[in-house]
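Protein chains in written order, with our numbering: chain A, 550 to 996; chain B, 2 to 49. Glycine is no exception: its CB is placed at the ideal position from the N, C-alpha and C atoms.
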């Protein structure tokens, strides 16, 4: 019944076609759907305003199409195309007799629903405030000009009509001011989700953003929501990895072996065992300690040799210690102990074969050494170096944890890089300074 | 759960699985042992 009450028809003064006025009582100008002529319907005789040579544009949403957006059925009654000299966009005027007018704005395949504000937004700290939400300035002084028009409108729209515009954005929203010499109007547009506009008016899905494309000024980064939803998953994974690191990193059943090695003497080879790996595969930890090495080093080669298969699992440690005195005072460097971790020894009985050779930093066993009490180098005979090895089953591989952590973080970091690229491309259109880290973080704010 | 979250959760499960397998086998790609030729470093102090 409401539809019957609002729809009226008139005869086009140009072609005589019967044209329906869908928002009778509100519509001021109307384009004939047959010949494209613009008619002044406010005039009692439906005066012809202008005649378009071109046929009615082929619209993504044909005028007269109805669609439900957020629980309200809207009818597309007017369409116009505008440009600011850089970009062009389309605006569909939607009408519902109970809810009035809305704008459906299409640009680069993205759709926004615009609502005209009845109150002027508040200006605070360089930002506009509407309903407690702040909108930052994006475009300062643009001029939007109508290039094509079809359908019904509530003002006398014509091609070439130009307004000054300013735009303020927050992720997902754009607040636009349009003004001319007579009036100001504020419109709040919300970017529609792909499935919303698709369900309402059966339009193609918006294109997915890829690096190199220019997003809309108010288009929220598609990667923010992804990063947010991944944070708890990543956190749970990291906690699980820490638990596993604790559970699997313990060493057990340590055995200690030792022998002396003469500095600059022959290599000493010793065999210790048996060392048993009961089941499966297991890592071994070997701590090599040369507590009395001084001004020299000890090469320690170790090998776990399987008694049955003679398979060998080898590792090498270099224990060294040096000290001295110079104009800055005493110094020392090197480490007298090393921890070796040998991976994946199969089950079996092993001998630990150790080859150690000690060296003194100098030419022979009798060489000079710094005496800090006497304040000079003195020739001393080098005592044997005690080599001690502690072998234990199991090993805590921190490197595995860091590698797993890196793998867990790679996808969110990739999304973060894409987010930064997206925000840089979006903010490159902004009037003002170049984007920086604060802009990237701001782009992650809640819509 | 969105498909991207599901895929990421699957990825994380895979990482945990790999870590668990390596831990149970006592394996690490960065272990000291098993290297065929141990790299002997330079000897002597580097102090100037």
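Inset, instruction - Note down, in chain order, every chain A residue with its Cβ under 8 Å from the Cβ of residue 47 of chain B. - result: Simply 882.
Inset, instruction - Just the chain B side, please: which residues come within less than 9 Å of residue 830 of chain A by C-beta, in chain order? - result: Simply 25, 26, 27, 28.
Legend entry - Helix, strand or coil at residue 772 of chain A according to DSSP, with G and I counted as helix: Here residue 772 of chain A sits in helix by DSSP.
Inset, instruction - Just the C-alpha distance for residue 769 of chain A and residue 720 of chain A, rounded to the nearest angstrom, thanks. - result: The straight-line gap from Cα to Cα measures roughly 5 Å.
Inset, instruction - Determine contact between the stretch 855–869 of chain A and the stretch 883–895 of chain A, defined as no fewer than three beta-carbon pairs at a distance below 8 Å. - result: Short answer: they touch.
Inset, instruction - Identify whether residue 688 of chain A lies in helix, strand or coil by the three-state DSSP scheme. - result: In this structure, residue 688 of chain A counts as strand in the three-state DSSP scheme.
Legend entry - Contact under 7 Å by Cβ, residue 714 of chain A with residue 661 of chain A: In terms of Cβ geometry, residue 714 of chain A and residue 661 of chain A do not form a close pair [threshold 7 Å].
Inset, instruction - Determine the chain B residues that contact residue 775 of chain A at a beta-carbon separation under 9 Å, and present them in chain order. - result: Under the 9 Å cutoff, chain B gives 3, 5, 6, 9.
Legend entry - Helix, strand or coil at residue 702 of chain A according to DSSP, with G and I counted as helix: In the structure shown, residue 702 of chain A sits in a strand (DSSP, three-state: E or B).
Inset, instruction - Under 8 Å by Cβ, that's how I've got residue 570 of chain A and residue 558 of chain A pegged, so tell me the actual separation to the nearest angstrom. - result: Contact flag correct, Cβ pair sits at about 7 Å.
Inset, instruction - Kindly say whether residue 742 of chain A, judged by its beta-carbon, lies nearer than 7 Å to any beta-carbon of chain B. - result: Using a Cβ-Cβ cut-off of 7 Å, residue 742 of chain A does not count as an interface residue toward chain B, since no Cβ of chain B sits closer than that to its own.
Legend entry - Bridge partner(s) assigned by DSSP for residue 938 of chain A: In the DSSP assignment, residue 938 of chain A forms a beta bridge with A:806, A:837.
Legend entry - Pair within 7 Å by beta-carbon distance, residue 712 of chain A and residue 693 of chain A: Against a cut-off of 7 Å, the Cβ pair of residue 693 of chain A and residue 712 of chain A comes out as a contact.
Inset, instruction - Output, in sequence order along the chain, the residues in the stretch 860–886 of chain A whose CB is closer than 9 Å to any CB in chain B. - result: Identification of residues in the stretch 860–886 of chain A having a C-beta nearer than 9 Å to some C-beta of chain B yields 862, 863, 864, 865, 866, 867, 869, 871, 872, 873, 875, 880, 881, 882, 883, given in sequence order.
Inset, instruction - Could you give the DSSP three-state label for residue 789 of chain A: helix, strand or coil? - result: Collapsing the DSSP output to three states places residue 789 of chain A in a helix.
Legend entry - Secondary structure of residue 848 of chain A, DSSP reduced to three states: Assignment of residue 848 of chain A by DSSP, reduced to helix, strand and coil, places it in the strand class.
Inset, instruction - Answer with yes or no whether the minimum CB distance from residue 17 of chain B to chain A is below 7 Å. - result: Yes, contact with chain A.
Inset, instruction - Please say whether residue 679 of chain A and residue 628 of chain A have beta carbons closer to each other than 7 Å? - result: No, these two residues do not count as a Cβ contact at 7 Å.
Inset, instruction - Closer than 7 Å, Cβ to Cβ, to anything on chain B: give me those residues from the stretch 943–959 of chain A, in chain order. - result: So the close ones are 944, 946, 948, 949, 953, 956, 957.
Inset, instruction - Would you mind sorting residue 764 of chain A into buried or exposed? The rule is 16 or more other CB atoms within 10 Å of its CB. - result: Buried.
Inset, instruction - To the nearest angstrom, report how far apart residue 642 of chain A and residue 780 of chain A are at their CA atoms. - result: Approximately 41 Å between the Cα atoms of the pair.
Legend entry - Closer than 7 Å to chain B by CB, residue 939 of chain A: At a cut-off of 7 Å between C-beta atoms, residue 939 of chain A does not count as an interface residue with respect to chain B.
Legend entry - Where residue 998 of chain A sits in the DSSP three-state scheme: Not covered by the structure: residue 998 of chain A. The range shown for chain A is 550 to 996.
Inset, instruction - Step through the CB atoms of chain C and report whether any lies within less than 7 Å of the CB of residue 837 of chain A. - result: Among the protein chains in the structure shown, which are A and B, there is no chain C.
Inset, instruction - List the endpoints of the continuous alpha helix (DSSP H) containing residue 12 of chain B. - result: Taken as a continuous stretch (DSSP letters only), the alpha helix (DSSP H) holding residue 12 of chain B covers 4–25.
Inset, instruction - Give the range of the beta strand (DSSP E) segment to which residue 906 of chain A is assigned. - result: Note, residue 906 of chain A: beta strand (DSSP E), 886–909.
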